[in-house]
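Protein chains in written order, with the numbering used here: chain D, 1 to 104; chain R, 105 to 321. Virtual Cβ for every residue (Gly too), placed ideally from N, Cα, C. Owing to the predicted nature of the structure, the values given are computational and were not obtained by experimental measurement. Here is the structure we will look at.
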Amino acid sequence: MSGSGVPLLAYLLVSGAMFLIGLLGVMIRRNPLMVLLAVELMLNGANVTLVGFSRFWDTTDGQTFALVVMVVAAAEVVIGLGLVVAVYRQRLRLNIDEMTRLRG
Amino acid sequence: MKGSSLTIGIVATVATISFIVGLTLALTLAMGAFTFEQLVFSVAAAGAIEFSILVVALPGTFRATVSLIGALLSVAVLFVLLTAPFVAVIQVIVYAGAIVVLFLFVIAYMGERPLAAVADPLVRWQPVAWLVIVVLAAQALVVLLTTDLAVRDELQEGGTVATPGGENPDFGGPEAIGRSFIDDYIVPFEATSLVLLVAAVGAVLLAKRAVQLERGR
Chain D
1 MSGSGVPLLA
11 YLLVSGAMFL
21 IGLLGVMIRR
31 NPLMVLLAVE
41 LMLNGANVTL
51 VGFSRFWDTT
61 DGQTFALVVM
71 VVAAAEVVIG
81 LGLVVAVYRQ
91 RLRLNIDEMT
101 RLRG
Chain R
105 MKGSSLTIGI
115 VATVATISFI
125 VGLTLALTLA
135 MGAFTFEQLV
145 FSVAAAGAIE
155 FSILVVALPG
165 TFRATVSLIG
175 ALLSVAVLFV
185 LLTAPFVAVI
195 QVIVYAGAIV
205 VLFLFVIAYM
215 GERPLAAVAD
225 PLVRWQPVAW
235 LVIVVLAAQA
245 LVVLLTTDLA
255 VRDELQEGGT
265 VATPGGENPD
275 FGGPEAIGRS
285 FIDDYIVPFE
295 ATSLVLLVAA
305 VGAVLLAKRA
315 VQLERGR
């Protein structure tokens, strides 16, 4: 068995880097499609942490939770892309900062 | 223009290779011995981080989506290294298969439309976004580097704790995941099916309203 050639810390650093890059994308991109892509990056970063700790503690729980996260990500993409297409078909400009009609 | 992109490519290649070599060396020094696991991890980590940067930095949505495939596959390799083969397979099938194809369909449907150059009222807040990122990164580094995670790793090497697959050869396989879902997490499992149902109905409703608005066009 491969034991621990790579410490958990390395996985956590990669995961954190992916999460932060995704967060940056969510905050600075204005195309809703790009924001959805960046959200996928954040979810993947979180999944690496879940699976990493799952191995760390020798339980399957983290992997199970990672699978649930994937399902939620799939549902989120379906709804998000549905919204993007709905906005597009009404000939609106795809710019998140202009979609302010629901602002309180 | 071509010359500058060539320069960027060379710089990126050199940076990638030095990152991989540096990470492998650091891991070898930290763990005291070189294993191929460290090399594979370095390559996957470099791929994950670089493709993530490309996803956020590339202007075109199509290229960003294709970069996302690279990031997702790198993460799948990380899952394999973490003895989670089932999660890795699902990652490739669901993410790289279904979700990315969905993105590509929508992009193909809409055409690659450049964002209209309008005055952006929020662009002056972008430094705040960078500030948030830097603060969070510093925080994460401090927490990670001051937490003694290595204790557990040493325990595993000493053999006092079962290494993954030591007692249970199916660790991370379909059977273990299935048992975990059915035995311990039956409620989240059922909730997942509900989430999928709601998402499907929601997508149908969104599409139906859009068609009605256009009077069946």
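Is residue i close to chain D? Criterion is C-beta to C-beta, closer than 8 Å.
i, result
"R:Glu-141", "yes"
"R:Phe-123", "no"
"R:Ile-203", "yes"
"R:Ile-281", "yes"
"R:Thr-187", "yes"
"R:Ser-284", "yes"
"R:Gly-306", "yes"
"R:Ala-119", "no"
"R:Ser-156", "yes"
"R:Ile-194", "yes"
"R:Gly-276", "yes"
"R:Val-299", "yes"
"R:Thr-128", "no"
"R:Gln-316", "no"
"R:Ala-233", "yes"
"R:Ile-237", "yes"
"R:Leu-253", "yes"
"R:Leu-248", "yes"
"R:Ile-114", "no"
"R:Val-52", "Limits of chain R in this structure are 105 at one end and 321 at the other, which puts residue 52 of chain R out of reach."
"R:Thr-111", "no"
"R:Val-191", "yes"
Any idea if residue i is buried or exposed, counting beta-carbon neighbours within 10 angstroms, 16 or more meaning buried?
i, result
"D:Gln-63", "buried"
"D:Thr-49", "buried"
"R:Ile-290", "exposed"
"R:Pro-278", "exposed"
"R:Gln-195", "buried"
"R:Ser-122", "exposed"
"R:Gly-136", "exposed"
"R:Ser-178", "buried"
"R:Tyr-213", "exposed"
"R:Gln-142", "buried"
"R:Ala-130", "exposed"
"R:Phe-275", "buried"
"R:Val-308", "exposed"
"R:Ala-202", "exposed"
"D:Arg-29", "buried"
"R:Arg-313", "exposed"
8 Å is my cut-off, CB to CB: does residue i come that close to chain R?
i, result
"D:Thr-49", "no"
"D:Val-6", "yes"
"D:Val-35", "no"
"D:Ala-66", "yes"
"D:Val-84", "yes"
"D:Val-77", "yes"
"D:Ala-46", "no"
"D:Val-39", "no"
"D:Val-69", "no"
Got a sec: does the ligand ADP put a non-hydrogen atom nearer than 7 Å to the Cβ of residue i?
i, result
"R:Ser-122", "In the structure on display, the ligand ADP does not appear, and there are no ligands present to speak of."
When you compare only the Cα positions, how much space is there between residue i and residue j?
i, j, result
"D:Ala-17", "R:Leu-185", "18 Å"
"R:Gly-151", "R:Gln-316", "44 Å"
"R:Gly-282", "D:Asp-61", "11 Å"
"R:Leu-127", "R:Leu-133", "10 Å"
"R:Trp-234", "D:Val-84", "26 Å"
"D:Gly-5", "R:Gln-230", "40 Å"
"D:Met-42", "D:Ile-79", "17 Å"
"R:Thr-264", "R:Glu-294", "Reliability fails at R:Thr-264, whose pLDDT of 44 lies under 50, so the model's placement of it is uncertain and no value is given."
"D:Met-70", "R:Tyr-199", "8 Å"
"D:Leu-33", "D:Val-26", "10 Å"
"R:Ser-284", "D:Gly-52", "17 Å"
"R:Leu-249", "D:Ala-66", "25 Å"
"D:Val-87", "D:Ala-46", "30 Å"
"R:Val-232", "D:Leu-13", "23 Å"
"R:Val-113", "R:Glu-154", "Looking at the sequence itself, residue 113 of chain R is Gly, so the reference to Val does not match. Rounded to whole angstroms, R:Gly-113 to R:Glu-154 spans 13 Å at the Cα level."
"R:Gly-215", "R:Thr-111", "30 Å"
"D:Pro-7", "R:Ser-146", "12 Å"
"R:Leu-176", "D:Asn-44", "8 Å"
**Study point:** At least 3 beta-carbon pairs within less than 8 Å: the region 162–170 of chain R vs the region 32–41 of chain D
**Key:** Yes, they touch.
Review point. Counting pairs of Cβ atoms below 8 Å between the region 239–246 of chain R and the region 107–117 of chain R, do you hit three or more?
Key: No, because fewer than three Cβ pairs between the region 239–246 of chain R and the region 107–117 of chain R fall closer than 8 Å, the two stretches do not touch.
Review point. Given 8 Å as the limit, is there contact between the region 153–161 of chain R and the region 187–203 of chain R, that is, 3 or more CB pairs closer than that?
Key: Below 8 Å, too few C-beta pairs join the region 153–161 of chain R and the region 187–203 of chain R to call them touching: fewer than three.
Exercise for review: Determine, using beta-carbon pairs with one atom in the region 199–216 of chain R and one in the region 172–189 of chain R, whether at least three such pairs fall under 8 Å.
Suggested key: They touch, by the three-pair rule.
**Study point:** contact_flag[the region 67–75 of chain D, the region 294–307 of chain R] where n(CB pairs < 8 Å) is 3 or more
**Key:** In short, these stretches touch, since the Cβ pair count reaches three.
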